[in-house]
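Quick notes on the structure that follows.
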Amino acid sequence: MANKILEVNNLNTSFYTMAGEVKAVNGVDFKVEKAKTLGIVGESGSGKSVTVLSIVKLLANNAEIKSGSVLFKGRELTDKSENYLQSIRGNNIGMIFQDPMTSLNPVLSVKYQLCEPLIKHKKMGAKDAEKKAVELLKSVGIPDAANRINDFPHEFSGGMRQRVMIAMAIACGPELLIADEPTTALDVTIQAQILELMKNLKKELNTSIILITHDLGVIADSADDVIVMYGGKVMEEGSVRDIFYNSKHPYTKGLLQSVPNPEKLDKQKLIPIEGNPPDLLNLPQGCPFNQRCSKTMKICLEKMPELFKVSGKHFSRCWLLHPKAKELGKVI
24 MANKILEVNN LNTSFYTMAG EVKAVNGVDF KVEKAKTLGI VGESGSGKSV
74 TVLSIVKLLA NNAEIKSGSV LFKGRELTDK SENYLQSIRG NNIGMIFQDP
124 MTSLNPVLSV KYQLCEPLIK HKKMGAKDAE KKAVELLKSV GIPDAANRIN
174 DFPHEFSGGM RQRVMIAMAI ACGPELLIAD EPTTALDVTI QAQILELMKN
224 LKKELNTSII LITHDLGVIA DSADDVIVMY GGKVMEEGSV RDIFYNSKHP
274 YTKGLLQSVP NPEKLDKQKL IPIEGNPPDL LNLPQGCPFN QRCSKTMKIC
324 LEKMPELFKV SGKHFSRCWL LHPKAKELGK VI
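279 is the number that this note's numbering gives to position 256 of the sequence shown; each next residue is one higher, with no gaps.
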């Protein structure tokens with residue numbers, strides 16, 4: 024644990040609805056190293072956001088962490104009280120939410136929302152907190168910060184609201200920053216600026232980052248390590264180089280094939296992944312990707328594959344990597 028800031032082991036989270044139990048996260052394991060960025064990628068509904076919301080227990084009332092362990096700096100979080108978690112959230116663990124317009128309080132000024140964590144966690148006085156808040160706005164590129172701090176969220180553009188969210192997330196100098204789709208709905212120019220800002224913050228504050236996205240381009244540009252999720256499970260994990268240049272899981276390959284390559288636009292057609300993600304109310308037996316995979320074998324329909332080691336810290340959850348794959352059953 025010396026170089027790990029976060030360790031998640033066998034995490035299982037479900038939502039209880041009138042239709043039944045939605046198994047959103049199913050036995051997820053991963054680690055986040057100090058001053059490194061872990062990218063979590065997958066289609067909508069793959070369990071990315073629920074996984075990180077489970078870490079800080081910011082879940083809906085009908086959700087339950089059924090089992091598993093979340094170790095932050097060696098301390099278990101799943102059994103901690105709400106008061107303890109409130110002392111961690113925004114202080115040791117910061118979070119950039121997906122939609123700043125719904126995450127920022129529309130009836131409170133930016134000054135109030137930025138000063139609140141500084142007063143609560145850092146015990147600053149009102150004047151010192153306001154001074155620090157202005158510095159934070161300047162650090163994330165808000166022009167005329169001293170005057171804009173008194174504005175309300177609706178008076179900022181989408182990109183500026185996202186910068187305000189980042190300023191709030193880093194206000195107390197967190198050791199871990201969780202960014203849930205931080206560039207969603209932003210144009211490419213603003214997206215590039217936000218990603219560059221996060222890289223600089225990691226370098227200057229020595230902060231670890233969990234970056235959640237469905238955009239493989241963002242992952243390639245920003246992450247050190249990557250986990251690929253599908254059906255609430257980790258299907259492949261490794262360094263960003265492992266995932267992009269030596270991917271082994273058919274789902275990972277499908278994601279890569281469905282992204283345009285600027286160097287091959289005139290030669291290569293995009294290949295979409297046929298079908299739909301699995302119903303989390305009724306997960307299929309065996310591998311969750313078996314209904315959409317072109318290499319499905321008999322055993323894929325019967326038994327969940329383990330994470331097979333490819334090399335180093337590169338693992339893939341696919342029966343094709345089993346030493347006796349050819350004997351496990353013909354491709355259907």
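By construction, the Cβ of each residue, glycine as well, lies at the ideal position given by its N, Cα and C atoms.
Nearest candidate by alpha-carbon position, reference residue i, set the options
i      : options                           : result
SER77  : THR60, LEU108, GLU56 and LEU224   : LEU108
ASN305 : VAL31, ASN49, LYS27 and ASN32     : ASN49
ALA190 : GLN314, PRO123, HIS177 and PRO328 : PRO123
TYR39  : LYS89, ARG171 and ASN170          : LYS89
GLU87  : ASN35, GLY97, THR206 and LEU303   : ASN35
ALA169 : PHE175, HIS177 and ALA156         : ALA156
ASN173 : GLN308, TYR253, CYS138 and LEU61  : CYS138
ASN115 : ILE28, PRO328 and ALA152          : ILE28
ASP102 : ALA83, MET118 and VAL79           : VAL79
SER104 : SER334, LEU81, GLY298 and LYS96   : LEU81
One or two residues paired with residue i in a DSSP bridge
i      : result
GLY43  : THR40
ASP248 : LEU61 and SER262
THR236 : VAL64
LYS31  : Going by the sequence as given, residue 31 is Val instead of Lys. PHE53 and VAL93, per the DSSP bridge assignment.
ILE116 : ARG112 and LEU199
ALA86  : PHE38
PRO256 : The sequence shown places Lys at residue 256, not Pro. According to DSSP, LYS256 bridges with TYR253.
PHE312 : Answer is none; PHE312 lacks a bridge partner.
ARG98  : PHE95
Secondary structure of residue i, DSSP reduced to three states
i      : result
LYS71  : helix
PHE53  : strand
THR206 : coil
ALA190 : helix
LYS103 : coil
HIS177 : helix
MET24  : With a pLDDT of 48 at MET24, under the threshold of 50, the modelled position of this residue cannot be trusted; read the value that follows with caution. Reduced to three states, the DSSP call for MET24 is coil.
PHE267 : helix
SER132 : coil
SER281 : coil
HIS345 : coil
VAL211 : helix
HIS144 : helix
LYS332 : strand
LEU48  : Correcting the residue identity first, residue 48 is Val in this sequence and not Leu. Here VAL48 sits in strand by DSSP.
Residue i: CB within 7 angstroms of a non-hydrogen atom of the ligand ADP
i      : result
GLY335 : By its list of ligands, the structure shown contains no ligand whatsoever, and the ligand ADP lies outside what it can speak to.
**Report entry** Meets three-Cβ-pair contact criterion under 8 angstroms: the stretch 170-189 and the stretch 208-222
**Finding:** yes
**Report entry** Sufficient close CB pairs (3 or more, under 8 angstroms) joining the stretch 234-249 to the stretch 304-324
**Finding:** No, they do not touch.
Report task. Tell me, please, whether the stretch 250-260 touches the stretch 216-233 by the rule of three or more beta-carbon pairs shorter than 8 angstroms. Result -> no
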